[in-house]
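For the protein sequence lines, the chains are A and B, in the order given.
Residue 2 in our numbering sits at position 2 of the first sequence; the count goes up by one each step and never skips.
Heads up, our numbering is the position in the second sequence plus 113, with the first residue counted as 1.
These notes concern the structure reproduced below.
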Amino acid sequence: MKVEITTQKFNAGSMLLIKGDVDMNSSPDVRSSLDEVFKQGGAKALLINLSGVRYMDSSGIATLVEAMQNCMKQGMKLRLVELSPPVRDVFELARLSSIFEIFANVGDAQAGL
Amino acid sequence: MAEDRRRKTDNTQNETGPVTLIVPSHPKYLYVVRSAIYPILTDAGFGRKDARRIILAVDEACSNIIKHAYEGDHTKTITLTITDAADRFTVRLRDYGRKADTAKIAPRDLSDIRPGGLGTLFIGAAFDAVTYDTNQEQGTLLTLEKKKQQVNV
């Protein structure tokens with residue numbers, strides 16, 4: 001099962017739209033796309049849209065935690081958008097909902113950036 | 114609807130399986146494992162949330178075998194044996210790699226925010242009993258058991 005990752009620019013930075021299953025097999029692809037964004041630098045914010053994620057395991061969570069740490073190093077805001085029910089459930093299990101900034105939709109996530 | 118519920122109740126009263134699945138130790142087959150288990154879980158009467166958590170736990174157990182028992186060697190195999198009995202749902206995972214070091218297996222503290230270390234937590238959250246049997250000539254037999262609640266019609 002392949003994961004589809006699309007990177008879109010907006011005025012304050014980039015948004016990654018992830019579709020499919022994020023597991024041990026596909027997490028390296030997500031990490032590579034994130035690395036591209038971090039290499040470019042200069043952005044104020046990174047949005048990760050998870051509405052199309054059907055499945056996420058601990059490797060996907062680890063990738064998001066690494067992204068949060070990289071954003072902190074670069075002075076960028078990381079905002080997660082539209083967590084799908086399977087992602088919400090994994091966040092609940094790992095008690096991560098209070099660690100990340102999570103928004104219901106892209107408009108809300110882009111507000112104030 | 115009532116007929117559907119009765120059918121599920123009947124399924125809980127007889128042992129189903131075991132279903133045996135042998136997959137290569139490559140992460141691209143994790144999707145196959147997840148897809149195979151889902152219909153067995155729904156037939157066993159588990160709701161969507163429980164099914165999702167059980168699938169996550171089995172996926173994490175397979176990932177751990179690939180990473181730790183086989184140390185990334187994708188040419189080995191993992192044998193999963195799934196049994197749906199009246200009172201419990203059991204998944205046995207057999208590998209033939211490095212034996213699990215049970216002294217080192219523990220869920221991490223959730224206040225410690227760092228990448229990794231969540232797989233064991235997810236396994237423990239989904240199953241009531243987790244047993245690592247390293248008394249095999251080679252590898253480990255991991256047994257995951259979940260008690261089933263009675264389905265009332």
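In this text, a Cβ means the ideal position worked out from N, Cα and C, and glycines have one as well.
When the Cα atoms are used, Gly-107 (chain A) and Lys-77 (chain A) turn out to be separated by approximately 15 Å. Around the beta carbon of Arg-79 (chain A), 16 or more other beta carbons sit within 10 angstroms, so the residue counts as buried. Sequence-distant Cβ neighbours of Gln-8 (chain A) in its own chain, meaning closer than 6 Å and more than five residues away, are Met-15.
Think of a sphere of 9 Å around the beta carbon of Asn-49 (chain A): no beta carbon from chain B falls inside it, the nearest being about 21 Å out. By the Cβ rule, the segment 136-151 of chain B counts as touching the segment 160-179 of chain B, because three or more pairs are nearer than 8 Å.
Within its own chain, the residues whose Cβ lies closer than 6 Å to the Cβ of Ile-48 (chain A), once the five positions on either side in sequence are excluded, are Leu-16, Leu-80, listed in chain order. Closer than 8 Å to the CB of Arg-147 (chain B) there is at least one CB belonging to chain A. In the assembly as shown, Glu-4 (chain A) is an exposed residue. Its beta-carbon has fewer than 16 other beta-carbons within 10 Å. For the pair of segments examined, the segment 89-97 of chain A was found not to touch the segment 189-206 of chain B: the number of CB pairs separated by less than 8 Å stays below three.
The Cβ atoms of Lys-44 (chain A) and Ala-12 (chain A) sit closer than 8 Å to each other. Residues of chain A with a Cβ closer than 8 Å to the Cβ of Lys-162 (chain B) are, in chain order, Asp-89.
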